[in-house]
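**Student:** Numbered by the working numbering, the letters in the sequence shown go through residues 5 to 341 in order. For glycine and all other residues, C-beta sits at the position ideal for the given N, C-alpha and C. Quick one: the structure is below, questions incoming.
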Amino acid sequence: MMATTQPTKPAAAKSEVTFVDPGKLPPAQNPAAAKTQAVAKGPAVPQDTKPTIHELLDTAPAAANQATKIPVGDEQVAVAATPTVDVKSQPQQPQSIRNRVPDLTTSSDELSRKLGERIKSDPLDVSAHLDYQLLQMLNGESVPELNAIAPLPQEDREIVSAIMDGLSNFRSNIRGGANGLLKDKTGPIAEMGDRVRNQATLSIPSLTLCRDVKQFGNYEPFTSTRFVQGDKHLMVVYCEVQNFVSQLNSKGLWETKLKYEVLLYTDSNDAALQVWQQKPTAVVDQCHSRRRDFFIAKLMEVPQDLPVGGYLMKVSIVDETANRIAEATVPLQIVAK
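Printed below as a string of structure tokens:
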């Protein structure tokens, strides 16, 4: 069972970007001078440093599943139908094949008793609960039997329920006739996969700095993430989101509600200092079909007065529906002219 992080909702405020005065950052060659907390513990701005309010650097809102690219002049360094198949009636199996079918004369009552004993000895044994539900389905009972799986934690109950719903609905579909379309037969299995995926950990499998993003997985990354100090540098921050939760809203659309935040830290083995932050912004996506691929692309500008050295850009995403959080980082460098 996975613990979930309860994100704090930020107060409504005018969007602004806040920086630490770069002139007061510790030199890159003197890591011991950085006396702030580590990134994982939420680094804080030194008490004797007065934050400097910079010009707006968010050049475009975070776009969910939309093409995004650096504007011209600012550059730097149809689905085919499923074919209908004429399915003929299945021929009788040869006697030699029927003779190889194993003897399945074990009493279901005996299996039920053994599984009942396993569940009684360990009410949190997900495997025993699943085996019992499968046996009940084979005996023609309605599954999932919610009272039987009540001792399980909510996440485990949902997984067992999703599996049993999928298998039960799949069996009902194929019992309805052999001439059904494949997509109709496998629909319950696909839905089962979506429900199980919703119980998985929210993650950011890909975080890349790009020039141009056309669609999911189709983008032009920078060949190098080394940027010259003092020059204007625009970039599209591209991140893919996995295991997010979508729900049908009042309009009958699949809605995904996320919160997106970008921070920049000095890259140091001893300590890290937050030097830039784009405050959390809402990212809401609505679609007639349930999404399986999801990405966010945001056009941003790197501050021109950052000191020479290494940095880590961190993207933090909160799934507000599932109340889960995921983070990922990508390195970049500021080099002298």
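#1: I need the DSSP call for G144, collapsed to helix, strand or coil.
#2: Quick one: what's G314 bridged to in DSSP?
#3: Work out the CA separation of F220 and L150 for me, nearest whole Å.
#4: Mapping the DSSP letters down to three states, classify S207 as helix, strand or coil.
#5: The beta strand (DSSP E) that contains I300, what's its start and end?
#6: Suppose the cutoff is 6 Å on Cβ atoms and the five residues either side in sequence are ignored; what does the same chain contact list for F174 look like?
#7: Measure the CB-CB distance between F298 and V245 and report whether it falls below 8 Å.
#8: Please classify T227: is it buried, with 16 or more other beta-carbons within 10 angstroms of its beta-carbon, or exposed?
#9: Rank S250, V266 and E265 by C-alpha distance to the C-alpha of E259 and give the top, closest one.
#10: Of all the options I208, L206 and Y223, which has the alpha carbon lying nearest to the alpha carbon of C214?
#11: Span of the alpha helix (DSSP H) holding I200?
#12: For a minimum of 3 consecutive residues, which ranges assigned as the beta strand (DSSP E) are wholly contained in the region 215-273?
#13: How many angstroms separate the CA atom of V241 from the CA atom of K302?
#14: Look at the alpha carbon of T333 and the alpha carbon of G314, and state the distance between them as a whole number of angstroms.
#15: Relative to the C-alpha of Q308, which candidate in Q337, D289, V322 and V288 has its C-alpha closest?
#16: According to DSSP, simplified to helix, strand and coil, what is Q137?
#17: Since I believe M141 is in contact with S165 (beta carbons under 8 Å), could you give me their beta-carbon distance rounded to a whole number of angstroms?
#18: Residues bridged to E331 by DSSP?
#19: Looking at the unbroken beta strand (DSSP E) that takes in A286, where does it start and where does it end?
#20: Helix, strand or coil: which one does DSSP assign to L119?
#21: DSSP on L128, reduced to helix/strand/coil?
**Tutor:** This is what the structure gives:
#1: Here residue 144 corresponds to residue number 140 of the sequence shown, with the count starting at 1. In the structure shown, G144 sits in coil (DSSP, three-state: anything other than H, G, I, E or B).
#2: Residue numbering aside, residue 314 sits at position 310 when the sequence shown is read from its first letter. According to DSSP, G314 bridges with Q337.
#3: The residue given as residue 150 occupies position 146 in the sequence shown. The residue given as residue 220 occupies position 216 in the sequence shown. Distance between the alpha carbons of L150 and F220: 39 Å.
#4: In the sequence shown, the residue the question calls residue 207 occupies position 203. It is a strand residue.
#5: The residue you call residue 300 lines up with position 296 of the sequence shown. Start and end: F299 to V306.
#6: Taking the first residue of the sequence shown as position 1, residue 174 is located at position 170. Here the set comprises P192 and I193.
#7: As a position in the sequence shown, residue 298 is number 294, starting the count at 1. As a position in the sequence shown, residue 245 is number 241, starting the count at 1. Yes, Cβ-Cβ distance for F298 and V245 is below 8 Å.
#8: As a working note, residue 227 is residue 223 in the sequence shown. Looking at its Cβ environment, which holds fewer than 16 other Cβ atoms inside 10 Å, T227 is exposed.
#9: In the sequence shown, counting from the first residue as 1, residue 259 sits at position 255. When only C-alpha atoms are compared, the closest one is S250.
#10: Locating residue 214 in the sequence shown gives position 210, where the first residue counts as 1. The option with the nearest alpha carbon to C214 is Y223.
#11: The residue given as residue 200 occupies position 196 in the sequence shown. Correcting the residue type first, residue 200 is Val in the shown sequence and not Ile. First-last of the alpha helix (DSSP H) with V200: L186 to R201.
#12: 222-225, 230-232, 237-246 and 258-270
#13: Here the question's residue 241 lines up with position 237 in the sequence shown. Here the question's residue 302 lines up with position 298 in the sequence shown. If I take the Cα positions, the gap works out to 5 Å.
#14: The residue given as residue 333 occupies position 329 in the sequence shown. The residue given as residue 314 occupies position 310 in the sequence shown. Rounded to the nearest angstrom, the two C-alpha atoms are 13 Å apart.
#15: As a working note, residue 308 is residue 304 in the sequence shown. For Q308, the nearest C-alpha among the options comes from Q337.
#16: Counting from one through the sequence shown, the residue named residue 137 turns up at place 133. Q137 falls in the helix class under three-state DSSP.
#17: The sequence position of residue 165 within the sequence shown is 161, counting from 1. The sequence position of residue 141 within the sequence shown is 137, counting from 1. S165 to M141, Cβ: 13 Å. No contact.
#18: To locate residue 331, count along the sequence shown from 1; it is residue 327. Its beta-bridge partners are S320.
#19: On the sequence shown, residue 286 is found 282 positions in, with the first residue counted as 1. Here the beta strand (DSSP E) through A286 covers Q278 to C291.
#20: To locate residue 119, count along the sequence shown from 1; it is residue 115. Helix.
#21: The residue given as residue 128 occupies position 124 in the sequence shown. Looking at L128 - three-state DSSP - the assignment turns out to be coil, as it is neither helix nor strand.
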